[in-house]
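Trainee:
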Amino acid sequence: MKRILFLSFILFLSLHSLAQMDLPPSGGNPRAKITEEVGITDITIAYGRPDVNGREGKIWGSLVTYGFSSINLTTNKNTTPWRAGANENTTISFEHDVKVEGKYVKAGTYGLHMAVWPDSVVLILSSQSNAWGSFYYEDKNDILRTSIKPVLLEKSVEWLKYEFIEHKEKYCVVAMQWEKLSVPFKIEVDVDNIVIARLREQVTSQKGFNSLNMSAAANYSLNKNINLEEALSWSQRAAGLKSYSTLRTLATAYEKLNRLKEADSVMTEALTMANVNQYVGYGRALITQKRNDKAVEMMMAGKTKFGDGFTVNNGLMFAYAAKADFKNALVHAEKAMTQATNDAAKKTLADQIAKLKEGKDIN
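So the sequence shown is numbered by the numbering used here: it starts at 2 and just counts up by one.
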């Protein structure tokens with residue numbers, strides 16, 4: 002009988018949990034979530050949004066106690082920071098390892114807390130991310146503490162918010178903003194190593210059987226000038242399906258490794274598949290490598306193959322200018338001017354011709 006009653010009770014609890022209604026959060030503090038991607042790393046902050054509600058000037062140091070408060074249901078001591086939001090834990094999640102204000106943090110989800118003073122804020126990340134607010138906060142769970150300089154805002158922010166206020170290739174700055182206070186902190190991501198690690202996984206999966214995917218993986222490394230030996234291997238796999246694009250990538254890998262004979266050999270084959278823009282584009286790339294004689298040679302070969310048109314003459318202008326042969330550069334610049342079909346191209350050429358007449362390189 003007891004077993005039946007126990008099972009009935011468990012069933013009742015299960016049905017009760019299944020039957021709960023979807024209702025708005027209590028207290029009028031809506032939940033919010035923001036996500037930003039740095040490289041391929043998602044950074045997500047989930048938080049409750051209290052409003053000022055006529056309490057401007059009474060938030061900091063009053064509603065939010067300066068420093069640490071005594072509202073701690075575990076210790077009953079002045080050890081509790083602010084929950085940096087409302088209601089349940091404010092959390093921050095990192096898809097990969099990052100640095101927060103220069104300090105290493107492993108991938109994962111953390112409780113985000115703040116201890117606020119008039120001229121400084123201690124940002125705290127805790128391994129305890131499922132508690133309600135900061136009531137059960139214990140500093141033994143801290144994985145990061147760092148001091149932040151808060152920023153005063155001219156215009157009051159009614160509803161607390163987190164916002165990504167700066168974004169660069171390898172880092173972002175996120176700020177908690179409420180009333181007239183902003184607390185910004187920097188998150189750095191080791192983008193290149195994370196991307197390379199992901200690419201290594203993907204080139205051994207089904208995606209690795211696609212030539213375009215292999216070229217894309219190789220080009221990422223080549224453009225960043227990292228992981229060059231592996232990029233060569235990936236570009237060799239991509240070139241199993243020959244096209245100008247895959248062969249150009251393979252040649253670039255050889256160039257980056259200073260294996261120029263092999264690069265030139267591959268490009269000889271690639272150029273048989275090239276259009277005029279690709280031909281001239283390769284010539285311009287040779288100029289950046291300071292291989293100016295080779296650049297002129299390629300441009301002249303392009304002239305033989307595609308004719309004495311605007312694109313070729315424009316390319317020859319750059320190639321001769323790189324050699325400081327401004328006389329020949331002017332010949333092709335002026336010829337390109339007669340072939341230009343729009344005002345923008347004519348204006349650019351006019352500026353370049355003026356520089357060439359002064360004996361200045363235009364590259």
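Backbone N, C-alpha and C define an ideal beta-carbon position, used for all residues, glycine too.
Below 8 Å on the Cβ atoms is my guess for P51 versus L161; work out the distance and round it to an integer in Å.
Mentor: Sure, about 5 Å apart at Cβ, within 8 Å.
Trainee: Take every Cβ of the region 85-100, pair it with every Cβ of the region 29-46, and state whether three or more of those distances are shorter than 8 Å.
Mentor: The answer is yes - the region 29-46 touches the region 85-100, with three or more Cβ pairs under 8 Å.
Trainee: Does E298 come out as helix, strand or coil in the three-state DSSP assignment?
Mentor: E298 falls in the helix class under three-state DSSP.
Trainee: Report buried or exposed for T81, applying the criterion of at least 16 other Cβ atoms within 10 angstroms of its Cβ.
Mentor: Classification of T81: buried, given that the 10 Å Cβ count is 16 or more.
Trainee: Using only the alpha-carbon positions, how far apart do A85 and N226 sit?
Mentor: Roughly 41 Å separates the two Cα atoms.
Trainee: Shortest alpha-carbon distance to S128 belongs to which of H168, T269 and Y111?
Mentor: With distances taken between Cα atoms, S128 lies closest to Y111.
Trainee: Out of T36, S216 and E263, which one is the CA nearest neighbour of E164?
Mentor: Measuring from the Cα of E164, the nearest candidate turns out to be T36.
Trainee: Just checking, does the region 168-176 make contact with the region 131-149 on the three C-beta pairs under 8 Å criterion?
Mentor: No contact exists between the region 168-176 and the region 131-149.
Trainee: Nearest to T289 by alpha carbon, out of K59, A320, S63 and V184?
Mentor: It is A320.
Trainee: Flag this pair as yes or no: are the beta carbons of E196 and I41 separated by less than 7 Å?
Mentor: Rather than Glu, the amino acid found at residue 196 in this sequence is Val. For V196 and I41, yes; Cβs fall inside 7 Å.
Trainee: Please work out which residues of its chain come closer than 7 Å, Cβ to Cβ, to A264, disregarding the five sequence neighbours upstream and downstream, and give them in chain order.
Mentor: A252, Y255 and E256, listed in sequence order.
Trainee: Find out if the Cβ-Cβ distance for the pair A337, N364 is shorter than 7 Å.
Mentor: For A337 and N364, no; Cβs fall outside 7 Å.
Trainee: What are the partner residues of G360, as DSSP defines its beta bridges?
Mentor: Paired residue(s): none; G360 is not in a bridge.
Trainee: Suppose contacts are defined by Cβ-Cβ distances below 7 Å. Is L317 in contact with M300 by that definition?
Mentor: It is a contact, given that the beta carbons lie within the stated cut-off.
Trainee: Assuming V123 and A116 form a contact by the criterion Cβ under 8 Å, report the distance between their Cβ atoms to the nearest whole angstrom.
Mentor: About 4 Å; that satisfies the 8 Å criterion.
Trainee: Answer with buried or exposed for Y138, where buried requires no fewer than 16 other C-beta atoms within 10 angstroms of its C-beta.
Mentor: It is buried - the Cβ of Y138 has at least 16 other Cβ atoms within 10 Å.
Trainee: Which partner residues of V184 appear in the DSSP bridge assignment?
Mentor: V184 pairs with M177.
Trainee: Based on the DSSP secondary-structure assignment, which residues constitute the bridge partners of G316?
Mentor: BP columns for G316 are empty, so no partner.
Trainee: Alpha carbon to alpha carbon, what distance is there between N220 and S246?
Mentor: Each residue's alpha carbon lies about 11 Å from the other.
Trainee: Applying the criterion that 16 or more other CB atoms from any shown protein chain within 10 Å of the CB defines a buried residue, is F69 buried or exposed?
Mentor: Label assigned to F69: buried.
Trainee: Within its chain, find whatever has a CB closer than 7 Å to the CB of A240; leave out the 5 residues flanking it on each side and keep chain order.
Mentor: Result list for A240: T247, L248 and L251, in chain order.
Trainee: If you follow the alpha helix (DSSP H) that A116 is part of, which residue opens it and which one closes it?
Mentor: Taken as a continuous stretch (DSSP letters only), A116 belongs to no alpha helix (DSSP H), being part of the beta strand (DSSP E) at G109 to V117.
Trainee: Among residues of its own chain, excluding the 5 on either side of D352, which ones have a beta-carbon nearer than 7 Å to its beta-carbon?
Mentor: None.
Trainee: Contact between the region 300-312 and the region 326-343 is defined here as three or more beta-carbon pairs at a separation below 8 Å; is this criterion met?
Mentor: The region 300-312 vs the region 326-343: in contact.
Trainee: Please state if the CB of E57 and the CB of S183 are separated by a distance shorter than 7 Å.
Mentor: No.
Trainee: Helix, strand or coil, according to DSSP, for W235 in the structure here?
Mentor: Here W235 sits in helix by DSSP.
Trainee: Could you tell me which residues DSSP pairs with E167 in its beta bridges?
Mentor: Answer by DSSP bridge pairing, in chain order: V174.
Trainee: With L242 and S212 assumed to form a contact (beta carbons below 8 Å), what rounded beta-carbon distance in angstroms separates them?
Mentor: About 4 Å; that satisfies the 8 Å criterion.
Trainee: With 16 other CB atoms within 10 Å as the buried threshold, where does V39 fall?
Mentor: V39 comes out buried.
Trainee: How close, in whole Å, do the beta carbons of V99 and V190 come, if the pair is a contact with beta carbons under 8 Å?
Mentor: Right, the Cβ-Cβ distance comes to about 5 Å (below 8 Å), so this counts as a contact.
Trainee: Between which two residues does the alpha helix (DSSP H) containing T247 stretch?
Mentor: Its alpha helix (DSSP H) spans residues Y245 to K257.
Trainee: Keeping to the same chain, check which residues put their C-beta closer than 8 Å to that of E230; ignore five residues upstream and five downstream.
Mentor: Once the five neighbours on either side are set aside, the close Cβ partners of E230 are L258.
Trainee: DSSP has K328 in a bridge; who is on the other side?
Mentor: None, per the DSSP bridge assignment.
Trainee: Helix, strand or coil: how does DSSP classify S130 here?
Mentor: Correct three-state label for S130: coil.
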